[in-house]
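Numbering (the numbering used here), first residue to last: 9 to 393.
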């Protein structure tokens, strides 16, 4: 913990630390990260390097929380980058560098005093969600949407800051951990069954939706609301995610959602079920990081689909969805998810990030961190070289 600046507390994290380990330290001192991914088993190095995000209308990304970074460059030298010492241009390149600046050792993140939120989970008919989408999102600190294929309702997850007393501590509950471990493994086996008997996919999806914790109303610490599910890493699966700027009335968000509805229905009509887990829609502010999919003014929608099926079928289905999503304004794939199989994605990336790639490369070259592009793999080379 770095509490030397009372106006802006910080935490210093070794990049191999898991989210859970960091949360345990922060909770002990009454602090929290204002946003995070749901998984607590993942490690901060990858989260920061790829611009991973949580949710929240007034939140940016995890990379935007970076105050300082220590890394080893390709020349074997230790470098320290810090806000207030280095320029905004340098910091907004270093914060999200996809590993191209070197091997990260530790990061210093801005944190906040923790607070209570009223966390609500509801199952809402799809037309009601879409007809009231803008109001739903803009009147909550945080709002996420989930849709399981072949269901007629969406899981609407929201939370709002409150002074009300805590009513639940699920992350500290042995029963909750046991239940999550059991249901995640049951889910994994159900997906294996769908893999072998695809015609059961609609029934399995409807059943799995009913098994989600999508009917709750609790007052919890912020960290509990962010990390609301445990053991979900038990079932590995494919995931494609795209970010884009939200237009008036959330019309393009509805279009992106409708694309998934229509493709799922069209495939099912041919007795194909490559999509069998969920669509998740999240809403954040914007990012200052040059390579963030959320870069630029205006609020950002992150939309993703997840499935566990034959790779060929998944790549075909998710590639079609991803290609449609990338037609949306300022649409960019999330670096941390699958995207290389999306038709035309490499050609899309350069114009999508535009001058930001030029600015990033100028900073990288000026700093002399990797003169021979040791840390630029084939995929990154197609975009950045």
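Just so you know, even glycine gets a beta-carbon here, dropped at the ideal spot from N, CA and C.
In terms of alpha-carbon separation, which member of the options lies closest to residue i?
i	options	result
residue 167	185, 254, 85 and 126	126
residue 37	44, 121, 25 and 88	121
residue 158	52, 283, 65 and 368	283
residue 147	348, 252, 233 and 291	291
residue 149	68, 118, 83 and 156	68
residue 89	117, 285 and 50	117
residue 58	352, 346, 369 and 232	346
residue 181	193, 211, 200 and 232	232
residue 170	374, 225 and 156	225
residue 244	211, 285 and 210	285
residue 17	29, 119 and 54	119
residue 321	279, 359 and 333	279
residue 351	189, 142 and 329	329
residue 100	367, 387 and 391	367
residue 375	15, 82 and 73	82
residue 270	299, 332, 246 and 234	332
residue 360	313, 379, 378 and 299	299
residue 377	84, 53 and 51	84
residue 338	327, 362, 265 and 354	362
residue 130	73, 197 and 153	153
Work out the CA separation of residue j and residue i for me, nearest whole Å.
i	j	result
residue 311	residue 10	35 Å
residue 75	residue 94	11 Å
residue 261	residue 80	40 Å
residue 318	residue 137	31 Å
residue 268	residue 40	35 Å
residue 323	residue 65	31 Å
residue 214	residue 195	12 Å
residue 393	residue 258	36 Å
residue 277	residue 31	46 Å
residue 389	residue 134	42 Å
residue 293	residue 96	19 Å
residue 172	residue 336	40 Å
residue 103	residue 208	45 Å
residue 288	residue 23	27 Å
residue 35	residue 358	41 Å
residue 8	residue 92	No statement about residue 8 is possible, as the shown extent of the chain runs from 9 to 393 and does not include it.
residue 199	residue 151	27 Å
residue 12	residue 77	18 Å
residue 6	residue 105	Since the first residue shown for the chain is 9 and the last is 393, residue 6 is missing from the structure and cannot be characterised.
residue 51	residue 33	15 Å
residue 174	residue 235	16 Å
Would you call the CB atoms of residue i and residue j closer than 8 Å?
i	j	result
residue 249	residue 342	yes
residue 223	residue 176	no
residue 114	residue 20	yes
residue 348	residue 301	no
residue 275	residue 325	yes
residue 86	residue 62	no
residue 49	residue 26	yes
residue 155	residue 220	no
residue 71	residue 309	no
residue 230	residue 212	no
residue 398	residue 334	Any answer about residue 398 is impossible in this case: the structure gives the chain only from 9 up to 393.
Would you grab the beta carbon distance between residue i and residue j for me? Rounded to a whole angstrom, and I think it's under 8 Å.
i	j	result
residue 303	residue 295	5 Å
residue 161	residue 205	Not a contact, Cβ separation roughly 25 Å.
residue 253	residue 306	4 Å
residue 46	residue 55	With 8 Å as the limit, residue 46 and residue 55 do not qualify as a contact, their Cβ atoms being about 12 Å apart.
State yes or no: is the C-beta of residue i nearer than 7 Å to some heavy atom of the ligand FMN?
i	result
residue 376	In terms of ligand content, the structure shown is empty, and the ligand FMN therefore cannot be addressed.
Does the stretch 183-197 come close enough to the stretch 236-254 that 3 or more CB-CB pairs lie under 8 Å?
-> yes
Segment contact, 8 Å Cβ cut-off, at least three pairs: the stretch 373-385 with the stretch 90-110 | yes
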